[in-house]
Amino acid sequence: MRHILSILVENEAGALSRVAGLFSARGYNIETLTVAPTEDATLSRMTIVTTGSDEIVEQITKQLNKLVDVVKVVDLSEGKHIERELMLVKVRAAGKDREEIKRTADIFRGRILDVTDKSYTIELTGTTEKLDAFLDALDRGAILETVRTGVSGIGRGEWVLKV
Amino acid sequence: MFLVPPPKPLDLQGLSMELQLPPLAETGETLTGAEIVIRCLQEEGVEFVFGYPGGAVLYIYDALARQKGTLKHILVRHEQGALHAADGYARATGKPGVALVTSGPGVTNAVTGIATAYMDSIPLVVITGQVPTKAIGEDAFQECDTVGITRPTVKHNFLVKDVSQLAVTIKKAFHIATTGRPGPVLVDIPKDVSNTATPFHYPAKLHLRSYSPVTKGHGGQIKKALNLLIEAKRPMIYVGGGAILGEASAEVTELVRLLGYPVTNTLMGLGSYPGTDPQFVGMLGMHGTFEANNAMQNCDVLLAVGARFDDRVIGNPAHFAAGNPARKIVHIDVDPSSISKRVRVDVPIVGGVKEVLQELLAQVKASGQRPDAAALAAWWKQIDAWRAKDCLKYDRNSALIKPQFVIEKLYELTKGDAYVTSDVGQHQMWAAQFYKFDKPRRWINSGGLGTMGVGLPYAMGVKLAFPQAEVACVTGESSIQMCIQELSTCKQYHLPVKIVNLNNRYMGMVRQWQEFFHGNRYSESYMDSLPDFVKLAEAYGHVGMRIDKPADVEGALKEAFAMKDRLVFMDFITDQTENVFPMVPGGKGMSEMILSEEL
Chain A
1 MRHILSILVE
11 NEAGALSRVA
21 GLFSARGYNI
31 ETLTVAPTED
41 ATLSRMTIVT
51 TGSDEIVEQI
61 TKQLNKLVDV
71 VKVVDLSEGK
81 HIERELMLVK
91 VRAAGKDREE
101 IKRTADIFRG
111 RILDVTDKSY
121 TIELTGTTEK
131 LDAFLDALDR
141 GAILETVRTG
151 VSGIGRGEWV
161 LKV
Chain B
1001 MFLVPPPKPL
1011 DLQGLSMELQ
1021 LPPLAETGET
1031 LTGAEIVIRC
1041 LQEEGVEFVF
1051 GYPGGAVLYI
1061 YDALARQKGT
1071 LKHILVRHEQ
1081 GALHAADGYA
1091 RATGKPGVAL
1101 VTSGPGVTNA
1111 VTGIATAYMD
1121 SIPLVVITGQ
1131 VPTKAIGEDA
1141 FQECDTVGIT
1151 RPTVKHNFLV
1161 KDVSQLAVTI
1171 KKAFHIATTG
1181 RPGPVLVDIP
1191 KDVSNTATPF
1201 HYPAKLHLRS
1211 YSPVTKGHGG
1221 QIKKALNLLI
1231 EAKRPMIYVG
1241 GGAILGEASA
1251 EVTELVRLLG
1261 YPVTNTLMGL
1271 GSYPGTDPQF
1281 VGMLGMHGTF
1291 EANNAMQNCD
1301 VLLAVGARFD
1311 DRVIGNPAHF
1321 AAGNPARKIV
1331 HIDVDPSSIS
1341 KRVRVDVPIV
1351 GGVKEVLQEL
1361 LAQVKASGQR
1371 PDAAALAAWW
1381 KQIDAWRAKD
1391 CLKYDRNSAL
1401 IKPQFVIEKL
1411 YELTKGDAYV
1421 TSDVGQHQMW
1431 AAQFYKFDKP
1441 RRWINSGGLG
1451 TMGVGLPYAM
1461 GVKLAFPQAE
1471 VACVTGESSI
1481 QMCIQELSTC
1491 KQYHLPVKIV
1501 NLNNRYMGMV
1511 RQWQEFFHGN
1521 RYSESYMDSL
1531 PDFVKLAEAY
1541 GHVGMRIDKP
1551 ADVEGALKEA
1561 FAMKDRLVFM
1571 DFITDQTENV
1581 FPMVPGGKGM
1591 SEMILSEEL
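Line order of the protein sequences matches chains A and B. The opening position of the first sequence corresponds to residue 1 in this note's numbering, with each subsequent residue numbered one higher. The opening position of the second sequence corresponds to residue 1001 in this note's numbering, with each subsequent residue numbered one higher.
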């Protein structure tokens, strides 16, 4: 089962390696990991997408809470939440393909950020499934390069993760 | 007939337990980082620092030499010994152990000792030198990524890059090491930081928003536990090292006696309940007693106190659960991640074991409810039938020295009141089975990491803490060689510990597994070319004895313990073929024991 963990950590050197090290040392999966400082500069917020049984995810949450640099852990998948991922895709766009790629990007609400006579670089934001679907809609041979940020997530409504 | 002159009598004054705190820090006094380290240790009431100097800690060692307080440094012969000695001191006293080592190889040598303490949740503060901040990352001489290397083996660690943060960081280190589930905390100090001056303030209080261990248990959960316990027909109380770390022996003992239930201790929990009491059914686990393991497997309500259901205790968790799916488990632990980790628990109670047991005791007394006497009598009848198996029986008529016999005699001679340290292997299990510990913190061994070589440095740490007490190190010819250099430290500081070497010329536990599970192929487990331990002890300035007949065992122990001011190395030449029984083979359930042929 897929879980999205949101973690507030002290914005200290080494905090990221403590979290990442915990996952590798105990054999847990990390599908994606994102981290950046929050509006409070002393705190960073991480979003980790992981998979595992309920028992394993319970252990992951407990082990994360045990780290001295970790201030709070929430499993966003336990409640209503929003998740988004950003992707940049560079595609070969020449001749008759140019129009088709542009149309596909429009359908997915992508933005073309950079254009040359042979390529487009497209920005796309959405859930992991939407980004995957966009790549599936493109001609695989046309994809020159992709880069994805991994998932960021936030609770819906009044559900707030704060110190 | 000693080749060396007898040493000066033990200087007990110099090692006095009396703590003379230096005057509190004056606000704004300007000190170097090195001086701050020493002052912080004094503020924390540290008696001993176990360490070894080197380039990156020279300023700290200089400040140590110039200190006005009574902080005593113990110079070991290898950094591993420093960590184990600090760890042994902490296990025996309950106070944090402190070690000081240099960068690079000083740290890498210390890692085994840090990991040993971490696995058994022992509070340590480890101060390490680091290359100057400007040189970090340049592959400088004696540089290693200390924070990175030690990260998975510490409760927390710090690299102090700014001297103004040094005092508060050391304060945090002591706080984190000693609260919640204890553990080692490391503070890495670059050389330039130790030589930079700053105003010194030692904070009296700390607030860490990301660290606040729970101590008080949830009242509702405790009530649920009470109901389960009172209604139990076949109850069992299983107490681990957490009861010792949490100073809860008195509460454990009161609860067990109040309810009249059977109790077992893990290897780490020995002494938390009196080992000579009839309600004690012995240690459980891979080499636990027949009665303890069967009671664990067959009980209907299990109360686990400061224990973690590890693989050497309950064996295969699937067998443990499948063999008795109706069993209800109550688990008290200060660390939430220990609960429902290997075994699903019905009533989890997060909190300090002492606080939770006090609340549970109060609720038992207030409720006026008492257990079902008839059911309990039937359960005890079953346990006594298991006990009648006499699973620790061994051949008492052998012409060879049986290791179990040596431990029994050690127990009798020391009246069960010695501090016993051990190394890791067969001798450790025999000591745990045959020395009956009535008090907590008397049994000092490496349970989690299983580190050979800890026994002698553990004994040093204990003897420094309790110079008047008898301290025996039960070891084997393989383990003792892993930190043998510390015999020199014992000489320097006049630490007259007694070494009980059960010498079977094999890595005994490895040999036992090879006999049972690898077709008697004793691959590399024979200890060839052993030193003459008698001469070796003498070479270090101690007394050596070699004992090879059962009839001489008692006399040798008496003679050795009569030499109050000498370290005596007793080399007992024991039966090479003796095995530790009972044994739960790896991957099996805990009632699937191999028993001795003597039975």
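Each residue gets a CB set at the ideal place from its N, CA and C atoms; glycine is no exception.
DSSP-derived helix/strand/coil call for A/E85 | Residue state, collapsed to three classes: strand.
Have a look at the DSSP bridge pairing and note the partners of A/Y120.
-> A/V91, A/V115
Closer than 7 Å at the beta carbon, the chain A residues around B/K1341 = Q59
Can you give me the Cβ contacts of B/P1023 inside the same chain, cut-off strictly under 7 Å, excluding the 5 residues immediately before and after it?
-> Unreliable positioning characterises B/P1023 in this predicted model, as indicated by a pLDDT of 47, which lies under 50. The coordinate reading is nonetheless provided below. So the list is empty, once near-sequence residues are dropped.
Rounded straight-line distance, which links the Cα of B/T1108 to that of B/G1055 = 15 Å
Using the beta-carbon of each residue, which ones in chain A are nearer than 8 Å to B/V1147?
-> Per Cβ cutoff of 8 Å: G14.
Note down, in chain order, all residues in the region 1207-1219 of chain B with a beta-carbon under 8 Å from any beta-carbon belonging to chain A.
-> L1208, R1209, S1210, Y1211
Cβ of A/K66 less than 8 Å from any chain E Cβ?
-> Absent here is chain E; the protein component of the structure consists of chains A and B.
Could you say which of B/E1355, B/Y1059, B/K1095, B/G1106 lies nearest to B/E1079 if we only look at CA atoms?
-> The option with the nearest alpha carbon to B/E1079 is B/G1106.
Any chain B beta carbon closer than 8 Å to A/V70 = yes
Could you name the residues of chain A that B/I1170 contacts, counting a contact when the two beta carbons are closer than 7 Å?
-> The premise fails here: B/I1170 is roughly 15 Å from chain A at the closest Cβ pair, so nothing lies under 7 Å.
Kindly list the residues whose CB is nearer than 8 Å to the CB of B/R1209, restricted to its own chain and excluding five residues on each side of it in sequence; keep chain order.
-> none
Straight-line gap, B/F1604 to B/E1254 (C-alpha atoms, nearest Å) | There is no way to answer for residue 1604 of chain B, as the model of chain B reaches only from 1001 to 1599.
Around the C-beta of B/T1414, are 16 or more other C-beta atoms found within 10 angstroms, so that it is buried, or is it exposed?
-> buried
Express the C-alpha separation of A/E83 and A/G110 in angstroms, rounding to a whole number.
-> 17 Å
Rounded to whole angstroms, what's the CA-CA distance from B/A1173 to B/K1564? Just pull it up for me.
-> 38 Å
Just curious, the alpha helix (DSSP H) that B/C1490 is in, first and last residue?
-> 1487-1492
Exposure of B/M1429, with buried meaning 16 or more beta-carbon neighbours within 10 Å = buried
Would you identify the three-state DSSP class for A/D75, choosing helix, strand or coil?
-> Collapsing the DSSP output to three states places A/D75 in a strand.
Please classify B/T1128: is it buried, with 16 or more other beta-carbons within 10 angstroms of its beta-carbon, or exposed?
-> buried
So, does the CB of A/S44 fall closer than 8 Å to a CB anywhere in chain B?
-> Answer no: the Cβ-Cβ gap between A/S44 and chain B never drops below 8 Å.
Residue burial classification, B/D1571 (beta-carbon count within 10 angstroms, cutoff 16) = Classification of B/D1571: buried, given that the 10 Å Cβ count is 16 or more.
Return the CA-CA distance between B/L1021 and B/L1041, expressed in angstroms with no decimal places.
-> Only weak support is given to the placement of B/L1021: the predicted model assigns it a pLDDT of 44, under 50, and the question is left unresolved by the model.
Give a yes or no on whether the C-beta atoms belonging to B/M1509 and B/Q1404 are separated by under 8 Å.
-> no
Alpha helix (DSSP H) segments (min. 4 residues) lying fully within the region 1215-1247 of chain B = 1219-1231, 1241-1245
Which residue's Cα is closest to the Cα of B/K1389: B/A1418, B/M1545, B/M1593?
-> B/M1593
Using a Cβ-Cβ cut-off of 7 Å (strictly less than) and excluding sequence neighbours within five positions of B/L1015, which residues of its own chain qualify?
-> Since pLDDT at B/L1015 reaches only 43, below the 50 mark, its modelled position is unreliable, and the value read off the structure follows with that caveat. Excluding positions up to five away in sequence, the list reads L1464, P1467.
Length of the line joining the Cα atoms of B/G1448 and B/D1423 | 12 Å
Residues in its own chain within less than 6 Å of B/I1060 by CB, not counting five upstream and five downstream?
-> A1034, V1037, S1194, listed in sequence order.
For B/G1587, which residues of its own chain have a beta-carbon under 8 Å away from its beta-carbon, when the five flanking residues on both sides are left out?
-> G1315, N1316
Coarse secondary structure for B/R1505, derived from DSSP in three states | For B/R1505, the three-state secondary structure derived from DSSP is coil.
is_contact[B/P1336, chain A] using C-beta, thresh 8 Å = Closer than 8 Å to some Cβ of chain A, the Cβ of B/P1336 qualifies, so yes.
According to the neighbour-count rule (16 or more other Cβ atoms, all chains shown, within 10 Å of its Cβ), is B/P1457 buried or exposed?
-> buried
From the DSSP output, in three-state form, read off A/A13 for me.
-> Coil at A/A13, not helix or strand.
Reducing DSSP to helix, strand and coil, say where B/C1040 ends up.
-> Under the three-state reduction of DSSP output, B/C1040 falls in the helix class.
8 Å Cβ cutoff, B/H1156 in contact with chain A | With 8 Å as the cut-off, B/H1156 counts as an interface residue toward chain A.
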